[in-house]
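J.: Supplied in structure tokens, the structure appears directly below.
Numbering (the working numbering), first residue to last: 73 to 1268.
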């Protein structure tokens, strides 16, 4: 669609240009005007607005715009565009199928758009609409829009400009012509046209005037050179090689039509008046380029004649090509090929231009391309990849057949032409059939892929391809390998599907890499499956497994790479069957005299022969049913061996039957005249069944012969007829004997004495079978039933006895596992807390032990109830049993106590790998000028050393079983006494006591930490302070001593507040606090002493000045008083340095008091502050008194 841009005046264009190039200048002006004018809306009448809306509608040119597309929303926005001063752009476009308008550019992509532009300061009316509004239409043809705007709007303005300097104008015009020429070529080349750019410069000048302007002529020469170059390209287009990528005969025909039209267009453009004028200018200016351009006109005419001739001859290809293109199947293509080749021959022989070897080879190549294109259209790769592999294979086979027939027809046609024509058929067959051969190979590649899809992907629309199934312990593993390879193949196939567009595209060379990669992947898969087949057959041990394995690999065997190994394994399966036949033959000969265990000698061997016969018959049927197996040379040989084996088996079975008949006894019934049961001679106390095994074997053998359809001999018939009843009696007697023996064998000799009376009762019921009842008499079922009942009752008593004994042992084990002591090693106890915890835990454990003890009593009572009727006869054995259980309980209690003591020992000493853990908390304090512990170590030792006695006291409520059941007096001591005297328990208690001694020793070492501070609490502070005062220490001594107290406090603080000592955690916080208090007392007393000494010095100074001031102010009344006054003055003057040396000492003492924050009274501070003034006053008095004394001396 062409682009139309309308500009009504030069002033409008300039306004638009300035608004886009200098926003910084325009927008401030607009804002100023807007502020000055007030509202941003114009006042229009409805009639004015409607007129301007109609003008917008009239100038809106969009593709497929109709009057009924306009809607109310668009009109409202158009009116808003005129009324709103800030709206500068109005866009009208189609959003999908709805006409839309917006104040600004579209926010969505559009195909075309009409725009209207105005400045914010413009006042638009229907009269000045054309002068003020800039409008135009643009579409998606970018270069066309640019060309239209530049060529029809801007170019005329630029070329008419006269105010520019010549050098700038010349350079600008040259670049303008170059840009427009290139833009014209780009725009029309995309439409398949060759259009010459006609410059608009100098149109208003004559030829003479233009030829005198050298710069203009130079620019026009550049345009002529551009024309020459592009016309030459259009003429040489036929010399370029014909595109081979899908180029068909009809494309060749259309290309010549296009060439003819293009050359005709150029011939028409050469008649343009402006072009001719430019040629005249070039001729007049004697340009060297114009002759070359004018010669091109003749070449254009010759090219048109050639194109017209070729169009006429190529047109005869149209009908057969369309028939080829419309054919329904590749099988129809060979019937059309002769017509096409004949048409090519006609063109070759008759065309004056299209008769060269290159053009005819290219034409035949285009026929090959059309054959390929037609075959490609018949292929639905998506349909094939969805699993329709058989249809795909058929499809590609038809295409291959079509291409091969095409080449055969071409060769025949060429041979016939060469034979009957003087012009040889010497076309380039390589280039003609190059793509055909490649296409055929692509089809074979797809057949290979389809076959792989059937084998590895199980994609076959004609049948369901089953998954490979394997037997044996590794069957699941093998199946997973196949599934993994199937998934791998699916991934490889997906890679092919991704590039399926390249499969039938013979120009896509990347397909060769894709198919080679696919074949390499298939080779890897085949190698994995070969290894899998070897591994599977390593597990095969018989023919049935071998056939099943071959069936699992049946579809894989269709691959050429797997076929040899599959055939080899097939031979191995037949060989395995043959070896089994030979081994069976050898076994029948070698094992003729042997009999399988559990079967009679003769019938058993015949039965095994029948089973082997059935087995081989089944195997042979498996082979016969496996028609899918590949042919094998051993098949007939194995069948012959099988048939021979069957015949030899039948002969052997018949011989064994006759041998059995000859071995039978004449009087079998006499063997039944025996008692049912006898006492065992080899195992005293047990019973044995007295049935004659010979009778059983004969009847058993007769039963097997009967089942195998053989006749039973007469000598055996009478006994065999009663065999079912004899067998029932035999099994019943055997059950009684086995149950009885089971009861007796379950009891030890000691236990048999305990159960003797109960066993005697059971023997009385069984005795008839030992002495009266025989196998050939009628046996009452009641007798057998009573025996079974009595034995069962005895069995229940024995089972209960055993179970309760096990229960008692289990309860005793629970007692062993019930600790009487538990210490949480992660918790530090107070002494009372630990004592209470141990006592409570011991009470809870004893409650559990007493509950276990009651369960043991209940078990013994239950056992007693079973013997209660016979207790008077077995009292001694019962007492022995009770004492034995008593011993078990005693041992359990000992183990319980030992384990409990071990718990305490590990808590105190550690488990051997780690040291002891602190379980007891003790506080160190300072009492009566000595370090003591709370609780005391004696109290701790009492608790620790009473561990075993406490446990013994808790065991006293548990009585002995003999005492509990009030049996005869016994010499066994009480449980608690046994535990108390147990050597191991006493040894463990000794170790616990030793741990207490260890902790006491380590506490003594711990106390050495505080030895350095002992003087603080043992020395009399008042006496020591008095002595210290008498020493008259210096200020530095006071400072050092007070600071030493602070250092002692710091040292005490550095000591651990909580210290682990073996199993005790000592808390020394109170001790540290007491020591620090003593340090503070020392520090306080030293500070108070210093304060007192300082105060005394200050008071002494004041007293000194006051007293001596009074002395020196006293007026002497005599010579003696004068001399005394003079001596006082001399003494005072001599004491001044000494007295003044005291003042720095006082100041230093005061600084020390401040340093240690000693509490100082206000009077002290006032005295200290007035000390200097008082001394100065004293010195002044002293000087005055000296002068007065001199005067007094003169007066005397």
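Note that CB positions come from ideal geometry on N, CA and C, so glycine has one too.
#1: Quick one: Cα of residue 1176 to Cα of residue 1211, how far?
#2: Could you pull the start and end residues of the beta strand (DSSP E) that residue 994 belongs to?
#3: Counting C-beta neighbours from all protein chains within 10 Å, is the total for residue 552 16 or more, i.e. buried, or is it exposed?
#4: Excluding the 5 residues flanking residue 900 on each side, which residues of the same chain have their C-beta closer than 6 Å to its C-beta?
#5: Determine the contact status of residue 895 and residue 979, defining contact as a CB-CB distance below 8 Å.
#6: Pick helix, strand or coil for residue 79, following the three-state DSSP scheme.
#7: Among 847, 253, 1157, which residue has its Cα nearest to the Cα of residue 1274?
#8: Taking buried to mean at least 16 other C-beta atoms within 10 Å of its own C-beta, is residue 239 buried or exposed?
#9: With 16 as the cutoff for other CB atoms within 10 Å, does residue 870 come out buried or exposed?
#10: What residue from 1235, 418, 905 has the CA that sits closest to residue 1289's CA?
#11: Buried or exposed: which applies to residue 1069, given that a residue is buried once 16 or more other Cβ atoms fall within 10 Å of its Cβ?
#12: For residue 500, which three-state DSSP category applies?
#13: Using the Cβ count rule (16 or more neighbours within 10 Å means buried), how would you classify residue 624?
#14: Terminal residues of the continuous beta strand (DSSP E) containing residue 211?
#15: Using 10 angstroms around the beta-carbon of residue 204, count the other beta-carbons present and answer buried if the total reaches 16, otherwise exposed.
#16: Quick one: give me the first and last residue of the beta strand (DSSP E) that residue 582 is part of.
#17: Reducing DSSP to helix, strand and coil, say where residue 1002 ends up.
#18: For the segment 945 to 955 against the segment 1050 to 1062, do three or more pairs of beta-carbon atoms, one drawn from each stretch, fall closer than 8 Å, so that the two count as touching?
#19: Hey, quick one: how far does the beta strand (DSSP E) through residue 164 stretch, first residue to last?
#20: Drop a sphere of 10 angstroms on the beta-carbon of residue 424, count the other beta-carbons inside from all chains shown, and report buried for 16 or more, exposed for fewer.
#21: Pull up the distance between the alpha-carbon of residue 102 and that of residue 160, whole angstroms please.
#22: Is it buried or exposed, residue 661, if we count other Cβ atoms within 10 angstroms and call 16 or more buried?
#23: What's the call for residue 1061, buried or exposed, on a 16-neighbour Cβ count within 10 Å?
#24: Measuring alpha carbon to alpha carbon, tell me which of 273, 638, 268, 341 ends up nearest residue 232.
#25: How about residue 1036 and residue 929: are their beta carbons less than 8 Å apart?
#26: Using the C-alpha atoms, what's the distance from residue 461 back to residue 256?
#27: Is the segment 959 to 978 in contact with the segment 839 to 856, if contact means three or more CB pairs nearer than 8 Å?
#28: Under a three-way DSSP split, which group does residue 432 fall into?
#29: Please list the terminal residues of the continuous beta strand (DSSP E) segment that includes residue 751.
#30: Identify every residue that forms a DSSP beta bridge with residue 759.
#31: Based on the DSSP secondary-structure assignment, which residues constitute the bridge partners of residue 1257?
#32: So, does the segment 636 to 647 touch the segment 600 to 609, judging by three or more C-beta pairs under 8 Å?
#33: Under 6 Å Cβ to Cβ from residue 498, same chain only, skipping five residues before and after it: list those, please.
#34: Could you tell me which residues DSSP pairs with residue 172 in its beta bridges?
#35: Along the beta strand (DSSP E) that carries residue 330, what are the first and last residues, could you check?
#36: At the level of alpha carbons, what is the spacing between residue 906 and residue 867?
T.: Result, derived from the coordinates:
#1: The alpha-carbon atoms of residue 1176 and residue 1211 are separated by roughly 9 Å.
#2: Counting along the chain, the beta strand (DSSP E) containing residue 994 begins and ends at 992 to 999.
#3: Residue 552 is classed as exposed because its beta carbon has fewer than 16 other beta carbons within 10 Å across all chains shown.
#4: Once the five neighbours on either side are set aside, the close Cβ partners of residue 900 are 990, 993, 1137.
#5: Taking C-beta atoms as the reference points, residue 895 and residue 979 count as a pair closer than 8 Å.
#6: With a pLDDT of only 34 at residue 79, under the threshold of 50, the placement of this residue in the model should not be trusted; the figure read from the coordinates follows. Note: residue 79 maps to coil in three-state DSSP.
#7: Look at the range of the chain in this structure, 73 to 1268, and you will see that residue 1274 is not part of it.
#8: By the neighbour-count rule (16 or more Cβ atoms within 10 Å), residue 239 is not buried but exposed.
#9: Burial call: buried.
#10: This structure does not reach residue 1289, given that the chain is present from 73 up to 1268, and the question cannot be answered.
#11: With fewer than 16 other Cβ atoms within 10 Å, it is exposed.
#12: DSSP places residue 500 in coil when its eight states are reduced to three.
#13: Its Cβ being crowded by 16 or more others within 10 Å, residue 624 is buried.
#14: Unbroken beta strand (DSSP E) run through residue 211: 206 to 211.
#15: The residue in question, residue 204, is buried, as its Cβ has 16 or more Cβ neighbours within 10 Å.
#16: For residue 582, no beta strand (DSSP E) encloses it; the enclosing alpha helix (DSSP H) starts and ends at 582 to 611.
#17: Correct three-state label for residue 1002: strand.
#18: Taking a cut-off of 8 Å for Cβ pairs, the segment 945 to 955 and the segment 1050 to 1062 do not touch, as fewer than three such pairs fall below it.
#19: Unbroken beta strand (DSSP E) run through residue 164: 161 to 167.
#20: For residue 424, the number of other beta carbons within 10 angstroms of its own is below 16, and it is reported as exposed.
#21: Caution is warranted here: a pLDDT of 32 is assigned to residue 102, below 50, making its placement in the model unreliable, and the coordinate value is therefore given only provisionally. Cα-Cα distance, rounded: 11 Å.
#22: The residue in question, residue 661, is exposed, as its Cβ has fewer than 16 Cβ neighbours within 10 Å.
#23: It is buried - the Cβ of residue 1061 has at least 16 other Cβ atoms within 10 Å.
#24: When each option's Cα is compared against that of residue 232, the closest is 273.
#25: Contact flag set, yes.
#26: Between the C-alpha atoms of residue 256 and residue 461 there is a straight-line separation of about 54 Å.
#27: With the cut-off at 8 Å, the segment 959 to 978 and the segment 839 to 856 do not touch.
#28: Correct three-state label for residue 432: helix.
#29: Taken as a continuous stretch (DSSP letters only), the beta strand (DSSP E) holding residue 751 covers 749 to 751.
#30: Beta-bridge pairing links residue 759 to 751.
#31: Beta-bridge pairing links residue 1257 to no other residue.
#32: As far as the Cβ criterion goes, the segment 636 to 647 touches the segment 600 to 609, which means the pair count is three or higher.
#33: If we look at residue 498 and ignore the five residues flanking it on each side, it has no Cβ neighbours.
#34: In DSSP, residue 172 forms a bridge with 165.
#35: Counting along the chain, residue 330 falls outside any beta strand (DSSP E), though it belongs to the alpha helix (DSSP H) covering 321 to 341.
#36: Put simply, the backbone Cα of residue 906 is about 53 Å away from that of residue 867.
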